[in-house]
Amino acid sequence: MDLNKLTISQASKLLENKEVSSRQLTETVLDWIKKIDSEVKSFVTVCADEALKAADASDVRRKAGKTLGPLDGIVMSVKDLLCTRGITTTASSNILKGFVPQFDATVIKKLKDAGVVIVGKTNLDAFAHGSSTENSDFFTTHNPWDLSRVPGGSSGGSAASVAADECLGSIGTDTGGSIRQPSSLCGVVGLKPTYGRVSRYGVIAMASSLDVIGPIAKSTKDAAMILQAIAGRDPLDGTTLDAPVDEYVKNLTSSIKGVKVGIPKEYFASGMDEDVAKVVENAIETIKKLGGEIVEISLPHTDYALSTYYILQLAEVSSNLSRYDGVKYGHSILRENQKHSLEEVYFKSRGEGFGAEAKRRLMLGTYVLSAGYYDAYYKKALKLRTLVKRDFDNAFGKVDVILTPVSPTPAFKIGEKADDPVQMYLSDIYTVPINPAGVPAISLPAGFVVRDGKKLPVGVQIIAPMLGEQKIFDVSNILEKELNIFNERAIS
Amino acid sequence: MLNKDDVLHIARLAHLDLSDTEVEKFSAQLSDVLELFSKIDGLDLKDEAETSQITGLENVFRADEIKKYPSLTDTKTSELVESAPIHSGNEIKVPKVIEEN
């Protein structure tokens with residue numbers, strides 16, 4: 005039995021029955037990382053010593069009958085955008101290269117409180133700016149299903165690490181699709197929770213009115229287990245919601261008979277790869293077969309959602325990146341030579357430390373907020389956000405969930421879009437409208453397409469109203485069992 | 039369409055040093071992205087309200103009392119200060135911004 009290939013719920017059972025120890029699980033994962041990560045390149049940092057220590061502590065707790073719950077001893081990776089005390093946190097950026105946080109993000113603290121063993125920090129597009137990990141200032145992660153292709157992004161390292169069985173589950177962040185798109189491209193389950201459901205304290209900010217933290221896993225049930233551990237109000241994040249956290253796994257329903265599933269016609273208008281369309285159609289047929297009711301709906305402002313999203317995101321990025329000033333932490337020309345004016349410190353430290361995409365976004369964000377353009381771009385986008393949100397509100401008056409594609413294409417080749425920001429931005433066209441609306445959405449693997457003789461996974465997106473995570477898990481869990489595509493692993 | 043001077047102006051506002059090659063490359067790339075937004079040019083949204091956040095939460099306050107952040111209870115001030123390029127004691131040092139006359 006390959007312990008690293010287990011789902012969290014399978015491993016949790018084995019741990020509970022004392023058939024395996026967390027040390028065995030952790031060692032298996034570490035050995036596997038050593039064997040394959042030079043090719044997949046999921047990890048920026050592997051923290052073997054800390055992981056083994058945490059695993060031993062978990063085993064001691066179990067022996068004493070003091071386990072911390074179903075995640076105790078489970079091995080996970082975390083996107084390198086979440087601060088981990090004593091372990092380098094870089095956002096895959098040169099400006100934060102070597103930065104060691106003095107505290108844990110709330111999500112990290114909650115995982116540790118649940119007994120999770122954190123095995124390493126995963127690669128991303130620097131500051132989560134991108135859809136392929138090619139914008140990482142360090143290296144590109146490879147798709148485990150075809151190493152010549154991208155894993156998607158920005159949480160590409162997290163999705164690849166789960167798909168390649170280099171961990172049992174992971175944590176990603178999603179501002180416009182950064183959990184869902186790589187999950188689709190790597191064939192894993194990724195949930196973008198409701199805005200405000202999970203604390204962002206200690207997570208390096210990208211666009212604060214859109215950012216959420218969520219699970220990436222090998223099954224819907226696993227994603228539900230992780231969300232349950234990390235969700236909830238946090239006094240350290242004023243945007244977190246006070247609503248109670250559901251017992252997602254316990255509450256999973258056994259049927260979706262009568263569930264109304266909306267299909268927005270705007271998402272099927274054009275631009276989707278034909279083979280991807282077939283996978284999505286098959287998922288819709290499967291829902292019908294399971295007794296779900298398919299309802300055609302309209303989200304009339306979909307065409308404007310991409311502009312709305314990007315204008316708001318760029319504006320907020322430019323504001324959030326202003327904290328990297330070469331004075332407090334991170335890359336600074338003052339480290340070489342202290343005789344610089346303050347202005348030189350700002351301009352040169354930032355000019356050297358930020359990669360091309362961060363610079364593009366910083367400038368575009370500055371532009372849409374600048375005198376003379378604020379009304380034409382930023383203010384207009386705030387108004388369009390009202391319309392995009394209203395589209396979803398109206399739709400959820402008629403249906404329980406909405407089903408759409410996640411990405412218009414399967415994983416693309418490394419280098420294919422690397423220097424064309426517009427093409428890269430368009431690869432998020434089905435995921436970005438969700439974030440301005442704040443609603444939760446999952447990417448569930450639904451099938452494969454074949455390219456160059458290799459099977460590439462394709463996901464479908466299931467969207468629910470605010471705080472409708474349970475509804476998503478219910479539909480996703482049943483659809484997952486029926487589609488049954490998880491038997492195959494990317495790397496055996 | 040952004041020309042080189044526009045790019046330099048924006049870079050100045052964003053506190054960014056750019057190389058000549060970057061200025062060249064960015065003026066084309068940034069223009070392409072702005073072109074993508076031209077879709078919303080003609081829209082009349084005069085009567086629509088703005089949405090800057092979607093939770094509806096307002097005035098989230100905490101009690102006005104001195105409290106150590108729970109995640110920082112065992113963190114020493116020196117650890118935080120040592121992240122800065124120049125520091126002494128418990129202080130972060132910055133280049134002088136006011137000239138003596």
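Which chain is which? The protein sequence lines are X and A, in order.
Following our numbering, the numbering of the first sequence begins with 5 at its first residue and continues without gaps.
Following our numbering, the numbering of the second sequence begins with 39 at its first residue and continues without gaps.
Backbone N, C-alpha and C define an ideal beta-carbon position, used for all residues, glycine too.
Since we're looking at a predicted model, the values are computed, not measured.
| Check | Outcome |
| --- | --- |
| Quick one: residues in its chain with C-beta nearer than 8 Å to the C-beta of Asn324 of chain X, no 5 flanking neighbours on either side, listed in chain order? | Ala209, Met210, Ala211, Ser212 |
| Using the C-alpha atoms, what's the distance from Ser158 of chain X back to Ala132 of chain X? | 5 Å |
| Can you name the residues that DSSP bridges to Gly451 of chain X? | X:Val462 |
| For a minimum of 3 consecutive residues, which ranges assigned as the beta strand (DSSP E) are wholly contained in the region 45-79 of chain A? | none |
| Does Ile337 of chain X pass the burial test, meaning 16 or more other C-beta atoms within 10 Å, or should it be called exposed? | buried |
| On the CB-based measure, 16 or more other CB atoms within 10 Å of its CB, does Pro197 of chain X come out buried or exposed? | buried |
| Kindly provide the ranges of any alpha helix (DSSP H) runs that are 4 or more residues long and lie completely inside the region 93-135 of chain A, ordered along the chain. | 115-119 |
| For Asp395 of chain X, which residues from the same chain have a beta carbon less than 7 Å from its beta carbon, with the 5 sequence-adjacent residues on both sides left out? | Leu303, Pro304, His305 |
| Please confirm whether His19 of chain X and Arg66 of chain X have their CB atoms less than 8 Å apart. | A small fix is needed here, since residue 19 of chain X is Leu in this sequence, not His. Cβ distance < 8 Å, so Leu19 of chain X and Arg66 of chain X count as in contact. |
| Over the uninterrupted beta strand (DSSP E) stretch that includes Pro409 of chain X, give me the two end residues. | 405-409 |
| Would Val331 of chain X pass as an interface residue toward chain A - the criterion being a Cβ-Cβ separation below 8 Å? | yes |
| Which residues in the same chain have their Cβ closer than 7 Å to the Cβ of Cys171 of chain X, if we skip the five residues on either side of it in sequence? | Val33, Val79, Met80, Ser81, Val123, Ser165 |
| Considering only the beta carbon of each residue, do Glu420 of chain X and Asn139 of chain X sit closer than 8 Å? | no |
| When burial is assigned at 16 or more other CB atoms within 10 Å of the CB, is Ile99 of chain X buried or exposed? | buried |
| Can you say whether Leu85 of chain X is buried or exposed, counting buried as having 16 or more other CB atoms within 10 angstroms of its CB? | buried |
| I'd like to check one pair, Val403 of chain X with Pro437 of chain X: are the Cβ atoms closer than 8 Å? | no |
| Going along the chain, which residues of the region 379-392 of chain X sit with their C-beta nearer than 9 Å to a C-beta in chain A? | Ala380, Tyr381, Lys383, Lys384, Ala385, Leu386, Lys387, Leu388, Arg389, Thr390, Leu391, Val392 |
| Are there three or more Cβ pairs, one per stretch, closer than 8 Å when the region 173-191 of chain X is compared with the region 225-234 of chain X? | yes |
| So which residues on chain A does Pro304 of chain X lean against when the C-beta distance must stay under 7 Å? | In chain order: nothing, as chain A lies at least about 13 Å away. |
| Helix, strand or coil for Ala385 of chain X per DSSP? | helix |
| Applying a beta-carbon distance threshold of less than 7 Å, which residues of chain X neighbour Val135 of chain A? | Leu346 |
| Beta-carbon separation of Val193 of chain X and Val216 of chain X under 8 Å? | no |
| Which one of X:Tyr429, X:Arg327, X:Lys384, X:Phe107 has the shortest CA to CA distance from Gly357 of chain X? | X:Arg327 |
| Which of helix, strand or coil does DSSP assign to Met210 of chain X? | coil |
| Examine the Cβ distances between the region 123-130 of chain A and the region 464-480 of chain X and report whether three or more of them are shorter than 8 Å. | no |
| Using a Cβ-Cβ cut-off of 8 Å (strictly less than) and excluding sequence neighbours within five positions of Glu297 of chain X, which residues of its own chain qualify? | Gly262, Val263, Lys264, Val265 |
| Can you give me the start and stop residues for the alpha helix (DSSP H) that Val79 of chain X sits inside? | Careful: Val79 of chain X lies outside any alpha helix (DSSP H), inside the beta strand (DSSP E) at 79-83. |
| Val42 of chain A versus chain X: which residues are under 9 Å apart at the beta carbon? | In the sequence on display, residue 42 of chain A carries Lys and not Val. Here the premise fails: no neighbours, minimum Cβ distance about 13 Å. |
| In this structure, how does DSSP classify Arg89 of chain X when only helix, strand and coil are distinguished? | coil |
| Quick check: what's the CA-CA separation for Ala68 of chain X versus Glu23 of chain X? | 16 Å |
| How about Thr59 of chain A: is its C-beta nearer than 8 Å to some C-beta of chain D? | Within the model displayed, chain D is absent; protein chains X and A are what it includes. |
| Spatial neighbours of Pro469 of chain X within its chain, please: C-beta separation below 7 Å, excluding the five flanking residues on both sides. | Phe400, Val443 |
| In its own chain, which residues sit with a C-beta less than 6 Å from the C-beta of Leu72 of chain A, not counting the 5 before and 5 after it? | none |
| Cα separation between Asn8 of chain X and Leu29 of chain X? | 7 Å |
| Per the DSSP calculation, Ala55 of chain X is bridged to which residue(s)? | Answer by DSSP bridge pairing: none, since Ala55 of chain X is not bridged. |
| For Ala52 of chain A, return the contacting residues in chain X, with the cut-off set at a CB-CB distance below 7 Å. | Ser322, Leu366, Met367, Thr370 |
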